[in-house]
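Colleague: Got a structure for you, questions after.
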Amino acid sequence: MVLRVRFESFKKEAGPTIRELKFIVKRIRKSPLSIVGIIIILTFVAIAILAPILAPPPEGWYDPYMIPRDGFSVTPRPPSPEHLFGTAEGQYDIYYGCIWGTRTAFRVGLIVVGCTVLMGIAIGSISGYYGGKIDEIFMRLTDVIYAFPGIVLVMVLVVILGPSLESVMMAIILVGWPTYARLVRGEVLRIKQEDFVEAAKAMGCSDFRVIVRHVLPNAIFPLLAVATLDMGSIVLTVAAFSFLGLGAPIGYADWGQMIALSRNWIIGTPANPYEYWYTFIIPGIFIFTFVLGWGLLGDAFRDILDPMLRRR
Amino acid sequence: MEEILNIKNLVVRFYTYEGVVKAIEGVNLSLKKGETLGLVGETGSGKSVTSLSILALVPPPGKVEDGEIFFKCKDGRKLNLLKLGEKELMHIRGNEISMVFQEPGAALNPLYTIGEQIAEAIILHRRKELCRKILEKELRSVNGLPFKKLLLRFEKWAYKKLLEDPNSLSLKIVSKIPLLNLYSRRLKKYAKKEAVKILRDMRIADPERVADMYPHELSGGMKQRAVIAMALACNPILLIADEPTTNLDVTVQAQILNLIRELKKQFDTTVLYITHDLGVIAEMCNRVAVMYAGVICELAEVNRIFEKPLHPYTKALLECIPRPGKKFKSIKGEVPNLINPPPGCRFHPRCPWAMEICSKVTPKMVEVEKGHYVACHLYG
Chain S
1 MVLRVRFESF KKEAGPTIRE LKFIVKRIRK SPLSIVGIII ILTFVAIAIL APILAPPPEG
61 WYDPYMIPRD GFSVTPRPPS PEHLFGTAEG QYDIYYGCIW GTRTAFRVGL IVVGCTVLMG
121 IAIGSISGYY GGKIDEIFMR LTDVIYAFPG IVLVMVLVVI LGPSLESVMM AIILVGWPTY
181 ARLVRGEVLR IKQEDFVEAA KAMGCSDFRV IVRHVLPNAI FPLLAVATLD MGSIVLTVAA
241 FSFLGLGAPI GYADWGQMIA LSRNWIIGTP ANPYEYWYTF IIPGIFIFTF VLGWGLLGDA
301 FRDILDPMLR RR
Chain G
1001 MEEILNIKNL VVRFYTYEGV VKAIEGVNLS LKKGETLGLV GETGSGKSVT SLSILALVPP
1061 PGKVEDGEIF FKCKDGRKLN LLKLGEKELM HIRGNEISMV FQEPGAALNP LYTIGEQIAE
1121 AIILHRRKEL CRKILEKELR SVNGLPFKKL LLRFEKWAYK KLLEDPNSLS LKIVSKIPLL
1181 NLYSRRLKKY AKKEAVKILR DMRIADPERV ADMYPHELSG GMKQRAVIAM ALACNPILLI
1241 ADEPTTNLDV TVQAQILNLI RELKKQFDTT VLYITHDLGV IAEMCNRVAV MYAGVICELA
1301 EVNRIFEKPL HPYTKALLEC IPRPGKKFKS IKGEVPNLIN PPPGCRFHPR CPWAMEICSK
1361 VTPKMVEVEK GHYVACHLYG
């Protein structure tokens, strides 16, 4: 009885939120591609969570992110019951690397996107809302960063910081935030002109409250769409740096690093150019689907965004 | 009648790339308690800027250059609004002076329900009152199962603290800890209840349902009611209505005007009504101030303005009201560019009675009859 009353009151309280959620779900269901995206990403999430079960590290292994080796022979070995996807140069297990590499991909994507988005929101909203000198300083700073080709600047920073996965991430964050800051600034500049911001000020809200409660929630949607797209592309960038040998160390469970391992085997042998296909195709498929999944999810976010636009 | 607002020699300028826009030049105005003062003028005559300066919200590059705005608070203090710090102003905005905007759709945040937005105003300014009510009604006796008892005791402590010293360190820490900060849910619930009550005062038939709706789900008239509800949520002394019915159709306009009139009595507020619609002025106001190019040119009881307008601009404005069987008329010339306003009387280039003195000397406000002021050389 008491529980039922509780439930009823909860239903009433959450009514508008549930209505909006239903609407969003309806929107998503209309575009099958975004469902595919969601399924892909959920599959990857499941792989990342279940990694210790899907690919248990050998007993007493020092670091689960280091791929176990089966011997030290240079020549890769094709898929077999023992090594589902075969082994790479130096007998690293490709299956193990791909599974645990999912975790690396998520870690890299989430940390890099999270930090760039946070920096972008903080700097962009302050710069857009207050304008004037602060705006000028931050925007000239973004101009300076924009003036260099992104990849080259990241590379320089990585070399300064010393090659490792962490320094690649740090470098991408330092080079990546201006994109978000500009995006947020533009949105904030637009939204601060709206009457409801003026109304909030006339109601007695402090600047902080106006920004956090009234401006940012309205400015954040385009950012979400870009951030999901970036989740994929940042994994690609990091893979590229691992491939160049600036990112993860050899033997680390990272898709880009695994393709780097196959560098000498991509051409195959004169008799069979595809002899060692498994060394690069399989990690490549993982990277490809991961990026594709985030891209499609970005589309789904755009669909959710539409009703927000409709509200204005 | 006591004065609650007194604007003295207000000067507002906007520093733009093209030059200094002299938006408001020496405006004097006072509002008596309980009256409705209409502020009429064309677009760009400085009506809205006047109202924004009262809230000290003139947007940059605008600047209040000179003048004083005295306001009598709820507690009887007389403050110069232009000299206050941001904190005191935040207390006055929404609580003592609030504003209704022209476009009801744009004045509501599209992401929150109507109830949440009204509740925000209530929590901002009436937190103490709510806390007291909660302590008296809901947390008076602490009993029940041991765990619940502990929870209620904690909430009681939190609300007592909130009542005594909302900025205390312990409360700040607690409100940052998840689960523990759920105590504020009770406050939000209470504020929402109050919001529903206010919506009912707005003569909305089904306030519970409307409180849970988003702005885009409501009609224009309903939205404007919600905006008025937000403005009146904290029982302000002065309500500034900036063309609140301009974008509504006529039947809805009549409803809203009636509503404002009734609420004015019920809440005992003074209203500064800004519009360019003389019909609405005739309907709503006790006194009228006519504004032209940043200056007030005539100020009188509403009947006097319509029966015996003195200033040439007021006369011309009244001529412009369309009537059946009458030829359409407009005022010759254009509203002057306020970067280089005409010298002397700002209306003289368009005035059919312009004399030599008009282009040289700025006319002063003179009291022609009791309570009827005009700034024109014809009467001085």
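If you read the sequences in order, they're chains S and G.
Position 146 (the first sequence) corresponds to 146 in my numbering; numbering is contiguous.
Add 1000 to a position in the second sequence, counting from 1, and you land on the number used in my numbering.
We treat Cβ as the ideally placed atom computed from N, Cα and C, and that holds for glycine.
#1: In the stretch 1182 to 1232 of chain G, which residue ranges form an unbroken alpha helix (DSSP H) of at least 4 residues, counting only runs that do not cross its ends?
#2: My output table needs one value for residue 1091 of chain G: the three-state DSSP class, helix, strand or coil.
#3: May I have a chain-ordered list of the alpha helix (DSSP H) segments no shorter than 4 residues that lie completely inside the stretch 244 to 310 of chain S?
#4: Considering only the alpha carbon of each residue, which of S:37, S:22, S:21 and S:7 lies closest to residue 300 of chain S?
#5: If you draw a straight line from the C-alpha of residue 1219 of chain G to the C-alpha of residue 1314 of chain G, how long is it?
#6: Counting contacts by CB-CB distance shorter than 8 Å, is residue 328 of chain S in contact with chain G?
#7: Using 8 Å as the limit for Cβ to Cβ distance, is residue 23 of chain S near chain G?
#8: Which value, in whole angstroms, describes the spacing of the CA atoms of residue 298 of chain S and residue 106 of chain S?
#9: Using a Cβ-Cβ cutoff of less than 7 Å, which residues in the same chain neighbour residue 1192 of chain G once the five nearest sequence positions on both sides are dropped?
#10: Taking 8 Å as the threshold (C-beta atoms), are residue 1036 of chain G and residue 1284 of chain G in contact?
#11: Can you check DSSP and say which residues form a bridge with residue 1273 of chain G?
#12: Specify, as a first and last residue, the run of the alpha helix (DSSP H) that residue 1160 of chain G falls within.
#13: Report the residue from G:1098, G:1073 and G:1065 whose alpha carbon sits nearest the alpha carbon of residue 1082 of chain G.
#14: At least one CB of chain S closer than 8 Å to the CB of residue 1107 of chain G: is that the case?
#15: Sorted by chain position, which residues of the same chain lie with C-beta nearer than 6 Å to residue 1002 of chain G's C-beta, five sequence neighbours on each side aside?
#16: Do residue 301 of chain S and the ligand MG come close, with the Cβ less than 7 Å from some heavy atom?
#17: Taking 8 Å as the CB-CB cut-off, is residue 301 of chain S touching chain G?
#18: How big is the Cα-Cα spacing for residue 1379 of chain G and residue 1051 of chain G?
#19: Sort out for me which residues DSSP pairs residue 1014 of chain G with in a bridge.
#20: Who are the neighbours of residue 83 of chain S on chain G, taking C-beta pairs under 8 Å?
#21: At 7 Å on the CB atoms, spell out the chain G contacts of residue 219 of chain S, in chain order.
#22: Please state if the CB of residue 236 of chain S and the CB of residue 168 of chain S are separated by a distance shorter than 8 Å.
#23: Touching or not, the stretch 1020 to 1027 of chain G and the stretch 1260 to 1273 of chain G, by the rule of three or more beta carbon pairs under 8 Å?
#24: Could you check the C-alpha separation between residue 311 of chain S and residue 1110 of chain G for me, to the nearest Å?
#25: Given this structure, state the Cα-to-Cα distance separating residue 1253 of chain G from residue 219 of chain S, to the nearest angstrom.
#26: Within 8 Å of any Cβ in chain G, is that where the Cβ of residue 199 of chain S sits?
#27: Check each residue of the stretch 1086 to 1101 of chain G: if its Cβ is closer than 7 Å to any Cβ of chain S, include it; give the result in chain order.
#28: Check whether chain S comes within 8 Å of residue 1055 of chain G, counting only Cβ atoms and requiring the distance to be less than that.
#29: Just to make sure I have the definition right: I need the residues of chain G whose C-beta is within less than 7 Å of the C-beta of residue 135 of chain S. Which are they?
#30: Does any residue of chain G bring its CB to less than 8 Å from the CB of residue 196 of chain S?
#31: Buried or exposed: where does residue 140 of chain S fall if 16 or more other Cβ atoms within 10 Å of its Cβ makes it buried?
#32: Along chain S, in chain order, which residues have C-beta atoms closer than 7 Å to that of residue 1103 of chain G?
Modeller: In brief:
#1: Complete alpha helix (DSSP H) runs here, min 4: 1184 to 1201, 1207 to 1211 and 1220 to 1232.
#2: Three-state result, residue 1091 of chain G: helix.
#3: Runs of the alpha helix (DSSP H) inside the stretch 244 to 310 of chain S: 255 to 261.
#4: That would be S:37, whose Cα lies nearest to the Cα of residue 300 of chain S.
#5: Residue 1314 of chain G has its alpha-carbon roughly 35 Å from the corresponding atom of residue 1219 of chain G.
#6: Since the displayed chain S opens at 1 and closes at 312, residue 328 of chain S lies outside it and no answer follows.
#7: Output row for residue 23 of chain S: interface = no.
#8: Distance between the alpha carbons of residue 298 of chain S and residue 106 of chain S: 16 Å.
#9: Closer than 7 Å at Cβ, skipping near neighbours: 1115, 1119 and 1211.
#10: The beta carbons of residue 1284 of chain G and residue 1036 of chain G sit closer together than 8 Å.
#11: DSSP, once it has assigned bridges, lists G:1038 and G:1241 as partnering residue 1273 of chain G.
#12: 1146 to 1164 is the extent of the alpha helix (DSSP H) around residue 1160 of chain G.
#13: Cα-wise, what sits closest to residue 1082 of chain G is G:1065.
#14: Closer than 8 Å to some Cβ of chain S, the Cβ of residue 1107 of chain G qualifies, so yes.
#15: Counting only Cβ-Cβ distances below 6 Å, and skipping sequence neighbours, we find 1033.
#16: With respect to the ligand MG, the structure offers nothing, as it holds no ligand at all.
#17: For residue 301 of chain S, the answer is no, since every Cβ of chain G falls outside 8 Å of its Cβ.
#18: Looking at the two C-alpha atoms, the distance is approximately 29 Å.
#19: Partner(s): G:1021 and G:1062.
#20: Chain G residues near residue 83 of chain S: none, gap ~45 Å exceeds 8 Å.
#21: Correct list: empty, because the minimum Cβ distance to chain G is about 11 Å.
#22: If you check the CB distance, residue 168 of chain S and residue 236 of chain S do not come in under 8 Å.
#23: The stretch 1020 to 1027 of chain G vs the stretch 1260 to 1273 of chain G: no contact.
#24: Here residue 311 of chain S scores only 48 on pLDDT, less than 50, and its place in the model should not be relied on; the value that follows carries that caveat. For residue 311 of chain S and residue 1110 of chain G, the distance between alpha carbons rounds to 6 Å.
#25: The C-alpha of residue 1253 of chain G lies about 33 Å from the C-alpha of residue 219 of chain S.
#26: The C-beta of residue 199 of chain S comes closer than 8 Å to at least one C-beta of chain G.
#27: Those would be 1090, 1091, 1093, 1094, 1095, 1098, 1099 and 1101, in chain order.
#28: Yes, residue 1055 of chain G lies at the interface with chain S (some Cβ there is under 8 Å from its Cβ).
#29: In chain order: nothing, as chain G lies at least about 12 Å away.
#30: Taking 8 Å as the threshold, the shortest C-beta distance from residue 196 of chain S to chain G falls below it.
#31: Exposed, by the Cβ-count rule.
#32: What residue 1103 of chain G touches in chain S: 195.
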